[in-house]
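A.B. asks: My numbering puts the sequence shown at residues 3 to 357. All C-beta atoms in this analysis are idealised placements derived from N, C-alpha and C, irrespective of residue type, glycine included.
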Amino acid sequence: MEVFDMREFDGHELVIFGHDAQSRLRAIIAIHSTVLGPAAGGCRIWPYATTTEAVADVLRLSRSMSYKNAMAGLPFGGGKAVIIGDARTVKTPELFAAFGRMVDSLRGRYVTAEDVGTTTADMAHVARVTRYVSGLGRSPGEAGGDPAPKTALGVFLGIQAAVKFRLGRADLAGLTVAVQGAGGVGYHLCGLLSAAGARLKVADVQPRAVERACDEFKAAPVPAVQVLEVEADVLAPCALGAILNTRSIAGLKAPVVAGAANNQLARDADGEALRAAGVLYAPDYVINAGGIISVAREYYGGTEAQVIEDIQGIPARLTEIFERARHENRTTNEIADQMARERLSHGREPRRLVA
Ligand code: NAD
C-alpha cells in the first residue's frame, strides 16, 4: 500500500499507527491540517476488513474534518482516529487508556471525541490519560456532552434552509421527510421535524429504532432498502456514508437531500448527477457541524447557550453555498470544497471561542 500516493492522502500532515498488545489496540490517527488550530475529529471503531480500508477511511474522514471545522469557523484543524475492531467486543477501559496515551503522545496536535462506535463513557476512559479529548459529560448549562442532539439541531435548521431555497417554503408543516437511520442523530432529528409539523418516513436496520420513531413521532416505517427511493420532499441520510451514487441518484424522488451522515457522496462527481437531476444537496460537512461546534465549545470552555447560538449560523452558510452554486452553475459540494480550501490556504484567523 502506497499511502503517500493514495487519492485520500491529499497533503496530510501526519499519520500514525498505534498498537498495544495487552489491550489489543490497533489504531490510526490522521492529521490533515493544523493550519486553523489543533486537528479535531472523533474516534471511530469499525471492523475494517483490511488495514488499507482503515487508512483510506481515516484519511477521508480527517480531510472532511478540516473542511467541516474551517466552514464552521472553528479554531480547529482536521483530524480523525479509527480503532480497528468490532465495537460490540473490542471496547475495554484498557483499550481506551492505550488509545488515550497515543493521543497524548501528539501533545495537543490532535483532539479526539466520540464518533461511530464510541460514546461519552468511552471518552471518559480516554480522559483519564490525556486532556486532549472532548465530548465528555457536562454540568447543566455547560457546553458539551453527547454531540448527537446538537448535530440534529444543525441538520434541522439546514433542512429548513434547503426547503426554503429549493421549494420556496418558509416552514416544514405538511412536508414529508424520509429519514435513513434513527440512531443518535436521526432520532433527535425526527423529534424536531415532528414538532415542526413534518410527516416522517423512517428506515433503520434495527427494528427497535424504527418502532421508537413510529411510537413517539407517528412516523411511517419504510424498509431500509427502499428509503432512498420513497416519495418525500426531503431525504435526510443519517446512517451511512457513500449512499449517493449513480444508481441511487437515478432512483431518488426527493428534490432535497439534507442529512447528517458523513461522506454521503460516493464520489465528488456524484454531486453533478444530483444537480443534473434537479436535487438540491446540502453538503454533509456543512450541515452536520452542530456536533463539532459543541465539542469545540466544550474544549475551549463555554455554555450550551453559546453552542446553540453558533449552530444558528449553519443555515446561512448553506444558503450562501446554494446561491453561489446556482449563480455559478456548479454543484453545491464543489462550492463548499472551494470555500473550505480557501479558508485553509489563507489560514484565515478563525472566530475566537474564548474571550
Ligand atoms: P448511530 O450509530 O447512533 O445511528 C446510525 C443509525 O443508522 C443506527 O440506528 C443504525 O442501525 C442505522 N443504520 C445503519 N445502517 C443502515 C442502513 N443501511 N439503513 C438504515 N439505517 C441504517 O450514529 P449517529 O451518531 O446517529 O450518526 C449518524 C451519521 O451521522 C453517521 O454517518 C455519522 O458519521 C454522522 N455524524 C454524526 C454526528 C454526531 O454528532 N453523532 C456528527 C456528524 C456526523
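(1) Check whether the Cβ of Q208 lies closer than 7 Å to any heavy atom of the ligand NAD, and answer yes or no.
(2) Please classify K255: does DSSP put it in a helix, a strand, or coil?
(3) Can you determine whether any heavy atom of the ligand NAD sits closer than 7 Å to the C-beta of Q162, and answer yes or no?
(4) Going by the beta-carbon positions, is the gap between V131 and A83 smaller than 8 Å?
(5) Do I31 and M125 have their C-beta atoms closer together than 8 Å?
(6) Which runs of the beta strand (DSSP E) spanning at least 3 residues fall entirely within the segment 76–133, listed in chain order?
(7) What is the residue span of the alpha helix (DSSP H) that H14 lies within?
(8) With H, G and I counted as helix, E and B as strand and the rest as coil, what does DSSP make of F240?
(9) F140 by DSSP, collapsed to three states: which one?
(10) State whether the segment 174–191 contacts the segment 137–145, with contact taken as three or more CB pairs (one from each stretch) at a distance under 8 Å.
(11) When you measure from the CB of N290 to every non-hydrogen atom of the ligand NAD, does any distance come out below 7 Å?
(12) Compare the C-alpha of A163 against each of R277, A197, A260 and name the closest.
(13) Rounded to the nearest angstrom, how far is the Cβ of V224 from that of A197, given a contact under 8 Å?
(14) List in chain order: all unbroken beta strand (DSSP E) runs of 3+ residues lying wholly within the segment 170–214.
(15) Between D88 and the rest of its own chain, which residues show a CB-CB distance below 6 Å, the 5 nearest in sequence each way excluded?
(16) Assign F6 to buried or exposed, taking buried as 16 or more other Cβ atoms, counted over all protein chains shown, within 10 Å of its Cβ.
(17) Mapping DSSP to helix, strand and coil, what is S25?
(18) Within a Cβ cutoff of 7 Å, which residues of the same chain sit near H348, ignoring the five residues on either side of it in sequence?
(19) Does the contact criterion of 3 or more C-beta pairs under 8 Å hold for the segment 35–47 versus the segment 106–119?
(20) Buried or exposed: where does N331 fall if 16 or more other Cβ atoms within 10 Å of its Cβ makes it buried?
(21) Let me check you understand the geometry: is the CB of P149 closer than 7 Å to at least one non-hydrogen atom of the ligand NAD?
(22) Examine the ligand NAD and report whether any of its heavy atoms sits within less than 7 Å of the Cβ of G185.
(23) Determine the DSSP secondary structure at R46, reduced to helix, strand or coil.
(24) For a test of your reading of the model: does the CB of A205 fall under 7 Å from any non-hydrogen atom of the ligand NAD? Yes or no.
(25) Going by the beta-carbon positions, is the gap between F101 and A29 smaller than 8 Å?
(26) Below 8 Å, can you find three or more Cβ-Cβ pairs linking the segment 287–301 to the segment 152–170?
(27) Here's the rule: buried if 16 or more other CB atoms are within 10 angstroms of the residue's CB, otherwise exposed. What is L346?
(28) By DSSP's criteria, D20 is part of a beta bridge. Which residues make up the other side?
(29) Alpha carbon to alpha carbon, how far is G80 from A298? Give it in angstroms, no decimals.
C.D. replies: According to the data block:
(1) yes
(2) coil
(3) no
(4) no
(5) no
(6) 79–86
(7) Here H14 belongs to no alpha helix (DSSP H), and DSSP marks it neither H nor E.
(8) First, the amino acid is wrong: residue 240 is Cys here, not Phe. Coil.
(9) The question names Phe, but residue 140 in the sequence shown is Arg. Looking at R140 - three-state DSSP - the assignment turns out to be coil, as it is neither helix nor strand.
(10) no
(11) yes
(12) A260
(13) V224 to A197, Cβ: 21 Å. No contact.
(14) 178–182, 201–205
(15) P49
(16) exposed
(17) coil
(18) none
(19) yes
(20) exposed
(21) yes
(22) yes
(23) strand
(24) yes
(25) yes
(26) yes
(27) buried
(28) Checking the sequence, you will find Gly at residue 20 rather than Asp. Paired residues: A29.
(29) 12 Å
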